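Residue numbers (full-length UniProt numbering): 1 to 476.
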């Protein structure tokens, strides 16, 4: 049975045609997506081929990596070939057929619609003529008892009967040319359908064949890797490296070399340790470093102790002792307590307007920490919002002391290389700039507002006759 038998189902034929064509359209989209996927994969493999991993081969590993890279390049070529086959040989051919068919079927579709509309029109005319004729006949019967009315009704009946017969003749006369024209149109639809399905089947078969060829070539490529990998001998490479590296030597014992403080420092530390204030501070610090929580009485003793200058010095001295011993890590249980004690020290300095220990507090707050899941949390975070750091005079005093200290060191150690006043002035400028740059970042880390930092630094820029635009460098 052919499409010509469906002369009265033209609408269904057109719906089926669209659905069939949609199947091919979706298959084309599938082929293009698959092609783009293969191209994308090839681009990814090209990036892998540029890996420095292939440059690290030594000894028996070198030919193995070279072969691996060569196989990778072949794999890239296979992916690109497969992508081109899917796009050009399959998707493009099928798309060309659909475009060609669309151009041909348009006129046939329009002709078919007109034929169907014309036939339906003739049938409707005949139907209406029939209805009028039947109605006229019934009216004639109703007028049979009245001669005058009957004659009029009967005459109208005869006219409608002729019109009814003419409409039937017209409809029947159109049937033959309608079937003949529809046969040609439906034949075109059938030919297109057969061409599409045939090419779709061929494309599916070729797609499978392309994939089979791809995997066969890939299998061959991978099989070619077996011999180079087998030739890789780690034992031989390791023995060669050991032989090339080995130099006969003897393990020397490491001897502890203590740092010798100057006599003034040793004297101060001995006095501090022997003093009552030093004893209180040392016990509290040692207890915290063991992870033991201090009680209320010890906290009160500490507050009273640091109220005196010697107490603050003891605090700084014993924390520096921990720093010199490399004991930077504070137990988690007492980290907050150390932070609170440092907070108390800063408060006592703020109330007394004595800032001589401030720079040491900065150093120590950025030295000690506790660890949480591998992350270091420094003591600075516990005191970063203290009112002490919001005082402009505090930072001016700290920076002044730092500059004076560095100038003193410079004069002591660099006097032999400074030939004249110009060298001395240049060296002084370098010292000042270095300190200002360092403390600009330190103030920023203590959340000092940017405009206050600029104001503080500007004071020193003017005092030391530095260029005005150097502030930009500090704030960078």
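Note that CB positions come from ideal geometry on N, CA and C, so glycine has one too. Remember, predicted model here, so these are calculated numbers, not experimental data.
Check: Complete alpha helix (DSSP H) runs within the stretch 272-337 (minimum length 4 residues, chain order); Outcome: 276-289, 296-306, 309-324
Check: Reduced DSSP secondary structure (H/G/I, E/B, other) of residue 193; Outcome: helix
Check: Residue 377 (DSSP reduced to helix, strand or coil); Outcome: strand
Check: Exposed unless 16 or more other CB atoms sit within 10 angstroms - verdict on residue 209; Outcome: exposed
Check: Length of the line joining the Cα atoms of residue 357 and residue 299; Outcome: 20 angstroms
Check: Alpha carbon of residue 397 to alpha carbon of residue 360, nearest angstrom; Outcome: 13 angstroms
Check: Chain-order list of residues whose beta-carbon lies under 8 angstroms from that of residue 6 (same chain, five-residue window excluded); Outcome: 12, 13, 186
Check: Segment contact, 8 angstroms Cβ cut-off, at least three pairs: the stretch 73-85 with the stretch 34-51; Outcome: yes
Check: Pick from 97, 389, 15 that is closest to residue 199, judged by C-alpha positions; Outcome: 97
Check: Identity of the residue in 435, 386, 156, 69 nearest residue 402 by Cα; Outcome: 435
Check: Closest Cα partner of residue 229 within the set 45, 469, 57, 40; Outcome: 57
Check: Cβ pair residue 237, residue 60 closer than 8 angstroms; Outcome: yes
Check: Whole-angstrom distance between residue 296 and residue 280, CA atom to CA atom; Outcome: 13 angstroms
Check: Buried versus exposed call for residue 43 [16 or more other C-beta atoms within 10 Å across all chains shown]; Outcome: exposed
Check: Three-state class that DSSP yields for residue 370 in the structure shown; Outcome: strand
Check: For residue 204, three-class secondary structure by DSSP; Outcome: helix
Check: Among 202, 347, 332, nearest to residue 89 - alpha-carbon criterion; Outcome: 202
Check: Inter-stretch contact (C-beta, 8 angstroms, three-pair minimum) for the stretch 150-158 and the stretch 168-176; Outcome: no
Check: Residue 382 beta carbon less than 8 angstroms from that of residue 342; Outcome: yes
Check: Inter-stretch contact at 8 angstroms, needing at least 3 Cβ pairs: the stretch 212-230 / the stretch 128-139; Outcome: no
Check: Beta-carbon separation (whole angstroms), residue 294 vs residue 337, contact threshold 8 angstroms; Outcome: 6 angstroms
Check: Proximity below 8 angstroms, CB of residue 460 to CB of residue 399; Outcome: yes
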